[in-house]
Each structure stands twice: as structure tokens, then as C-alpha cells.
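Here is the structure we will look at.
In the numbering used here, the protein residues as written are 2 to 86.
Structure representation (C-alpha cells):
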């Protein structure tokens with residue numbers, strides 16, 4: 002989790018520089034990025050908790066189930082892509 006946090010911080014910084022945001026725009030973008038990252042961690046931890054009690058076939062337990070869950074969560078976040086222009 003620490004490396005993903007570092008990558009998220011670096012990604013927000015690079016996006017702020019690439020888009021030429023002002024200080025206030027950078028702060029708002031950073032807060033939005035942080036809230037989005039927190040939301041994704043909370044949702045994914047809930048999905049993983051449900052997977053502990055789910056009847057998953059033996060071949061899908063572990064990494065395959067985690068990758069499938071991550072792909073479903075990422076597709077769910079695609080719904081937010083057109084929310085703000």
C-alpha cells in the first residue's frame with residue numbers, strides 16, 4: 002500500500018504540472034485525488050472482505066479473484082469519468 006500511495010502523490014503532482022494548474026486548482030485536484038484514492042481503498046477492502054466468505058472455485062482463489070475484483074472496481078470508477086469536465 003505504501004508504494005501505491007507514493008505513486009498516487011507523484012501522479013497528482015505530475016497532472017498538476019502538465020495541466021498548468023494554479024495553486025488553488027492544484028489544492029482542489031489534490032483533495033479530489035486523495036478522496037478518490039480513499040474511496041477506492043474502502044470499496045476494494047469491502048470487496049476483499051466479501052470474497053473471504055464467498056464460495057469461490059479453487060482455481061480462482063487468491064490472485065485471480067483479486068485481479069477480477071480489481072477489474073470490476075476499476076470499471077465501476079469509469080462511471081465517474083464524465084462527471085466533471
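The beta carbon of each residue, even a glycine, is placed where N, CA and C say it ideally should be.
key: DSSP three-state assignment for residue 40, whether helix, strand or coil   = What you label residue 40 is simply residue 39 of the chain shown in a count that begins at 1. Three-state result, residue 40: helix.
message = How far does the alpha helix (DSSP H) with residue 12 in it extend, from its first residue to its last?
response = As a working note, residue 12 is residue 11 in the chain shown. Counting along the chain, the alpha helix (DSSP H) containing residue 12 begins and ends at 3 to 20.
message = Rounded to whole angstroms, what is the Cα-Cα separation between residue 39 and residue 51?
response = Within the chain shown, numbered from 1, the residue matching residue 39 stands at position 38. Within the chain shown, numbered from 1, the residue matching residue 51 stands at position 50. The alpha-carbon atoms of residue 39 and residue 51 are separated by roughly 19 Å.
inquiry  = When you compare the region 51 to 66 with the region 21 to 40, are there three or more beta-carbon pairs, one atom per stretch, that lie closer than 8 Å?
reply    = Counting C-beta pairs with one atom in each stretch, the region 51 to 66 and the region 21 to 40 have fewer than three that are closer than 8 Å, which means they do not touch.
ask   = So, are the CB atoms of residue 31 and residue 49 less than 8 Å apart?
value = Here the question's residue 31 lines up with position 30 in the chain shown. Here the question's residue 49 lines up with position 48 in the chain shown. Using a Cβ distance threshold of 8 Å, residue 31 and residue 49 do not count as a contacting pair.
inquiry  = Please identify the residue among 81, 27, 54 and 72 whose C-alpha is closest to the C-alpha of residue 45.
reply    = Along the chain shown, read from residue 1 onward, the residue named residue 45 stands at position 44. That would be 72, whose Cα lies nearest to the Cα of residue 45.
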